[in-house]
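Q: Below you will find the structure I want to go over with you.
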Amino acid sequence: MSEEILKALTQLFAIITKQDGGVTENERQFVINFFQSELDRDSIKEYLELYDNYSGYSKQGTAEEEDKNKVTSVKDSIKTLGICKKINKTLTQKQKVIVLIKILELVNSDKNFTPQRLEIINTVSTVFNIIKDTFKFIETFVISERIEELNYPDILIADTATVKSADLQKHAHAHIEGSLVFMRVRSVDMYFTKYLGDQSNSLNGFTMQPNRVYLFSHGGTIKTQEGDALYYSDLVRDFNEEIQTTKLSFNANIEEFIFPNGTIGLRDVIVSEGPGKLIGIMGASGAGKTTLLLTLAGLEKPSRGTILINGFNIHTEKSKIRGVIGFVSQDDLLIEELTVYQNLYYNAKLCFANFTEEQLHQRVMNVLENLGLEQRKDLRVGNVLDKKISGGQRKRLNIALELIREPAILFLDEPTSGLSSRDSENVIDLLKELSLKGKLIFVVIHQPSSDIYKMFDKMIIMDTGGFPSYYGNPSRAVTYFKKATHHVDSNRGQCETCGNVNPEQIFNIIEAKVVDEYGQQTNKRKITPSQWHEMYSKQFKVNRVEDVKELPAVALFIPTKLKQIAIFTQRDFLAKFSDKQYMFINLLEAPLLALILAFITKYKSAPGGKEYIFRFNENIPAFMLMSIIVALFMGLTVSAEEIIRDRKILKRESFLNLSWNSYLLSKLNILFLLSAIQTLMFVIVGNLILEIHGMTFPFWLVLFTTSCFANVLGLNISSAFNSAVTVYVLIPLLLIPQMILSGLLFSFEKLNNLISTKGKVPIVADMMASRWAYEAMATYQFKNNEYESSYFEYEKGESQADFNAAYMADELQKRNRFVLENYETKNDSIQKLVSRNLNILYGVLIEEPFKSGLEKINLKEALTLEKYSKETGLLLAAYVEQYRDHYQKIYNHNVSLTEKRMAFDEKHGFKVNVEKNRYHNESLSDLVKNVNTKGRLIEYDGELIQQVNPIFQEPNPDGLMDYRTAFFLPEKNLVGLRISTFIFNILVIWIMSLTFYIALYFEWLRKMVNSFGKVNIPKGN
Amino acid sequence: MRILLITFAAAILTACGSGKKPDEKAFLQSLDSASASGSTIDQEVINSVLQLIPSPLEISVLLKESGSKYDHSLLNSPDNLPTYNSNYKMALNLGIYGTDLGYTNIYEQNQDGIKFLTAIKSLAEGLNIGQFFDIETIGRLASNSKNLDSLLLITTQNFNSINGYLQNQGRSNLSILLLSGGWVEALHLTCDVASKNAKNKELHENIGEQKIILEQIVLLLSFYKDSDENMASLLKDMEELKGAFDKISITYIYKESSMEVVNGVAVIKDNSTTEIQVTDQDIANVKKIINSIRNKIVG
């Protein structure tokens, strides 16, 4: 309390007491008591002097003075107004209520209620904006000494009586002499108490003086002389009507829970509860507390048994009880990068689509206030290493995240672990309060203090091996176990003098060890878990709560899937954006890698080594591969941890039944955006340094596509594995095959025979995004660059005609000659060769558009061993010569077109050589023309395959769906349509991404990994 | 951040800027207007004339025997390779590099030889006759100076077979260019050496003898003067050269043949000689013109 206020109060006190007869000794004493509670010893004197001064205490007694007083009372009224207004400005409504009560008490201390005094008090209450009825109610509570007079619904009497003393009152039973009166001031939600009797009870450890009004605040405890404890939360519950109206039943019957490894986790646990209970679960470590909690919450499925909420099965009727359950795990389920407020805000946003921004804000602020976090709302949550808020605050925030959506049933796993005793008490008190609002709360608790222990309504005690050994009132637990082991003082549950319960005692009894003859403890327990369980089964019959056949009331209003995407994206974006390191590294990585890569591979490439010319940079093919690998790598690393990191949050949100698809799409939104930026920066820097002109967009499109593919792949592994380390170990496993089968490092022609097919890209390589990306980039750069685009068609005609004229014609002639010489042979093996050659001839000719001279014969028949004749042979020989001539002409035509085009271009200011230097790359050209191959034409699998110049070939599909071709063909077959390799390959990668997305959606990989995990390794017994 | 964005935007713009390029349509129109109705040339005739032109490689031997030193600067640098984009240039320079390769081989300059080989291989690829150069074999042979003979042999053979192949494929024009290129380079080398060795009669006469070959080349080129602009312009240059050669007179002096008995075998001996009259001035003229022609081809 500030000095100013205290001074104002002192004045107020003085003004009131000096009216009508002046200050009495009692009143003065009250003031002194008040000062004592607020001030240190030295200041009391000072303020007392002030008080005496104002009230005229020392000058009291003379008649003269009294007369004067009457005159001044009007003045005092005005003064009072002034003071009250001053107070109004600084004190909250709650504090003002306290002040009012203090004043009433002051006057009440001598029962000197003169009209003038009352008038002043009235003025005070009016200025304080306290409603008249409320004021009257408070006044009655303070003044009255008889409980019968207090006939208000907001009054509760605790005493030994069995009936209410007045109709409207509430009543609670307590071992106490006289009665404790509690008052609830509804408008400010405060509770006050006073004691009418002769015993010395204590409030929060301080002795309560009879007929004095005390504020009974959060966590307050009154201990009666007889050892009863009255908790603030108990009181609140008694005042509360909500519990009675909440419809909730929770019936769990877990017959057995078996872990995947075969050991039994829980046996025969029956829990049956209604609304408004705070239930503790205790047990030695490994007793199955957490397992029980998880099972009750429906996160684990019991091997046998059911869990019903309002009669709905928690596992099979999930949709019915959506949002009913809240679970606060032992781990932090916070988004570390966001502030306390943001964590709550986005959570609320996902729960209440029907709220306006204002309502959301209000809701969040309410929860923050309730949990005492409003001061910390703008702090980043941080992580264990980078602490921004304290452990207790983190825990409270975790609880807040669940509380904000007000689930009817709340499960908490050790909410007090790692907290100070003060924080622990706050947390449990909060839970207690919630339970009083009708929530059913299960809490796994470890080593609770006596106070905390006693706050629970019920306690479930688990013993090693998943046996329940106690289920009931916490205080009675001690007596139960003591009795069971025939302790001497088995009736005494708590300390006689202080009323403390020692929960440790319970475990000492349960786990008591047999002592051997030397007095050493052995490992054997006196009473085994199953024996305890037997005893438990005999003693406890759980009364099943009637199933409420009604949908549980849930305030949840889940946003639409589209809206969820937006919320998830926004949240994730904010989290990522606030992580400066993450942003910095991710945005810098790409241009930096491009810089390194391009800088290193740029050299004085021009012949003679005088300058750098793009055309002669032999590193371009390798640079393109590296950029694809970089795109894959960046894409993978950026996404590989995403789901793992979010898994805890996902677990929390699983109770909301949010859309998995929305979540994934939001991830993709952000990752794709990041990929787009990264690859764009990479391409710009790389192309700028290496002087790759006109390729910014196409290269970017390929790399972006590749990176997106890697993003989806990364999310898959991220969803399938449990630790980031595993995932990062996996990255090379995913990347290296991409490198090997990219088509650049190892020629597809020279791969293991098992996988390679001559003339076609192996199927294994078709599964690699890198190969598609590389082909797209290489063919596009070669074919569509500013220079080549003018000549490509002519060169293509040239190349194909030349191939036919120079190689195919020879080959056909050779084979025909062989057949002609040997078709009459009787030798089996030669016959075989002949028919093979005939097949090849047929295969080529049937596809051949040029057929001049062959029109008259039926190729299919003529080119068989049986029908082949000399005439056919000679006809063929003549045909091949024509064929050669035909293609020679086409070739020459195309050559002359090229020449003419070049001359034409030169004439129009297009310097062929300059442009070629700028846009064309020799190494890449050699690569896509496959110039280094030995066999230009080979026979493979009964077909003649052109090995050279794939870039000028056309696809020759066997069917509509045959997409396969050799590497670097400029066009592909897409269901009968011929489209450019660039577009085709990009489509393929997107289809791959889509497939992986479907796999991700259904979590195929995760299921696969899990099914591997389930394989039991037999243990030798 | 904003500055970064602007920089990137600028970078994208500059990266996208492309050169001015005549469009496809204009080219196709130009084709229509100049619908080439080149006279059909009888391949047989061309082939028979081509047979008469000796391989220019043989000249190199003469040069070495003259005692002149290896001069790297006389040759066409392989660094010029990238500037040969049209078939016309490629074929001519393939011939030039072929002669240069022979020259380096005679002087056992393996390092340079490899460079020429690479250039030749590359041009051959460009002309779709790459199959005649197995670069691996050539490289292997070139790595050992003892293999020079076989290397020379292979290369010479290759040139011969290329000529044969091109003629076979109806691409005699390339064959002519190939041979012309080789011939020009040989003449260029000879002239250069000859001008330094004024006393070497053999060299001078050799140059004079080229008059006959030039006539063949002019004849061959003239077949294409209507259908091929490039060849027409080359023909013009060659005709200028022919003008210089016209001053050189070759007189054939006939003498009765005589019969001798050598090792018991009767041999008829041709006693006729040709007399070639070449002045230093002639050599200088030829040199001047041939250099200008070569510069056109090489540059």
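If you read the protein sequences in the order shown, they are chains F and W. 1035 is the number that this note's numbering gives the last residue of the first sequence; the numbers go up by one with no jumps. 586 is the number that this note's numbering gives the last residue of the second sequence; the numbers go up by one with no jumps. Glycine included, each C-beta is placed from N, C-alpha and C at the ideal position. In this text the structure is predicted, and so the values were computed from the model without any measurement.
#1: Please check the pair Asn944/F and Gln967/F, which I expect to be a contact at CB under 8 Å, by giving their CB distance rounded to whole angstroms.
#2: Among the candidates Gln33/F, Ser57/F, Phe27/F, whose CA atom is the shortest distance from the CA of Val45/F?
#3: What is the residue span of the beta strand (DSSP E) that Arg950/F lies within?
#4: Is the CB of Ser322/W under 8 Å away from at least one CB in chain F?
#5: Less than 6 Å between C-beta atoms, sequence neighbours within five positions excluded: which residues of the same chain meet that for Phe49/F?
#6: Going by DSSP, which residues form a beta bridge with Arg394/F?
#7: Give me, in chain order, the residues of the same chain whose beta-carbon lies closer than 7 Å to that of Tyr954/F; leave out the 5 immediate sequence neighbours on both sides.
#8: Quick one: is Leu350/W buried, meaning 16 or more other Cβ sit within 10 Å of its Cβ, or exposed?
#9: Verify the CB distance criterion: does Ser326/W have a CB-CB separation below 8 Å to chain F?
#10: Excluding the five sequence neighbours on either side, which residues of its own chain have a C-beta within less than 7 Å of the C-beta of Asp567/W, listed in chain order?
#11: Give the residues of chain W in contact with Phe918/F, contact being defined as C-beta atoms less than 9 Å apart.
#12: Helix, strand or coil for Leu672/F, going by three-state DSSP, please let me know.
#13: Taking the DSSP output, what are the residues bridged to Ile580/W?
#14: Given a cut-off of 8 Å, decide if Ile449/W and Ile407/W are closer than it, judged by their beta-carbon atoms.
#15: Run through chain W and tell me which residues come within less than 7 Å of Ala876/F, C-beta to C-beta.
#16: Would you say Arg950/F lies against chain W (beta-carbon separation less than 8 Å)?
#17: Would you mind reading off the limits of the beta strand (DSSP E) that contains Asp282/F?
#18: Relative to the C-alpha of Ser994/F, which candidate in Val556/F, Gln795/F, Phe760/F, Gly452/F has its C-alpha closest?
#19: At a CB distance below 7 Å, what residues from the region 367-382 of chain W approach chain F? Give them in sequence order.
#20: Quick one, which of Ala362/F, Glu564/F, Leu382/F, Lys903/F has its alpha-carbon nearest Leu374/F's?
#21: Is Tyr532/F buried or exposed, if buried means 16 or more other CB atoms sit within 10 Å of its CB?
#22: When you check each C-beta in the region 786-820 of chain F against every C-beta of chain W, which residues fall closer than 8 Å?
#23: How long is the line joining the alpha carbons of Thr309/F and Gln545/F, rounded to whole angstroms?
#24: In chain order, what residues of the same chain lie with their CB nearer than 6 Å to the CB of Ser333/F, ignoring the 5 residues before and after it?
#25: Across which residues does DSSP place Asn267/F in a beta bridge pair?
#26: Residues in the same chain with beta-carbon distance under 7 Å from Asp252/F, minus the five sequence neighbours each way, listed in chain order, please.
#27: Beta-carbon within less than 6 Å of Phe996/F's beta-carbon, same chain only, minus the 5 sequence neighbours each way: which residues are those?
#28: Could you check where the alpha helix (DSSP H) with Phe811/F kicks off and where it finishes?
#29: Taking contact to mean at least 3 C-beta pairs separated by less than 8 Å, is the region 300-307 of chain F in contact with the region 476-484 of chain F?
#30: Would you give the residue range spanned by the beta strand (DSSP E) that Phe591/F belongs to?
#31: Please determine, among Gln497/W, Ile383/W, Glu412/W, the residue with the shortest C-alpha to C-alpha distance to Phe403/W.
#32: DSSP state of Leu170/F, grouped into three classes?
#33: What three-state label does DSSP hand Arg558/F in the structure shown?
#34: Anything in chain F within Cβ reach of Glu516/W, meaning under 8 Å, just list it in chain order.
#35: What do you get for Gly75/F, buried or exposed, if any count of 16 or more other CB atoms within 10 angstroms of its CB means buried?
#36: Is the region 618-627 of chain F touching the region 653-661 of chain F, taking contact as three or more C-beta pairs under 8 Å?
A: Taking the geometry as given:
#1: So it is not a contact: roughly 10 Å between Cβ atoms.
#2: Phe27/F
#3: First-last for Arg950/F: undefined, no H or E at that position.
#4: With a pLDDT of 47 at Ser322/W, under the threshold of 50, the modelled position of this residue cannot be trusted; read the value that follows with caution. It does not; no Cβ of chain F falls within 8 Å.
#5: Ile58, Tyr61
#6: Thr353/F
#7: Lys772, Gly773
#8: buried
#9: Confidence in Ser326/W is poor, its pLDDT being 46 and thus under 50, which makes the residue's placement too unreliable to answer from.
#10: Same-chain partners within the cutoff: Ala485.
#11: Pro309, Ala313, Phe314, Ser317, Leu318
#12: coil
#13: According to DSSP, Ile580/W bridges with nothing at all.
#14: no
#15: By Cβ distance, chain W contributes nothing, its closest Cβ being about 28 Å from Ala876/F, past 7 Å.
#16: yes
#17: 278-287
#18: Gln795/F
#19: Leu368, Pro369, Thr370, Asn372, Ser373, Asn374, Tyr375
#20: Ala362/F
#21: exposed
#22: For the region 786-820 of chain F, residues whose beta-carbon sits nearer than 8 Å to a beta-carbon of chain W comprise Glu800, Ser804, Glu812, Ser813, Asp816, Ala819, Ala820.
#23: 24 Å
#24: none
#25: Ile284/F, Thr320/F
#26: Leu170, Lys184, Ala186
#27: If we look at Phe996/F and ignore the five residues flanking it on each side, its Cβ neighbours are Ala790, Tyr794.
#28: Here residue 811/F is Gly; the residue named in the question, Phe, does not match the sequence. Gly811/F -> alpha helix (DSSP H) spans 802-816.
#29: yes
#30: Element bounds for Phe591/F: not the beta strand (DSSP E) but the alpha helix (DSSP H), 575-592.
#31: Ile383/W
#32: strand
#33: coil
#34: Ala917
#35: Confidence at Gly75/F is low in this model, with a pLDDT of 47, below 50, so its placement is unreliable and the value that follows should be read with caution. Classification of Gly75/F: exposed, given that the 10 Å Cβ count is below 16.
#36: no
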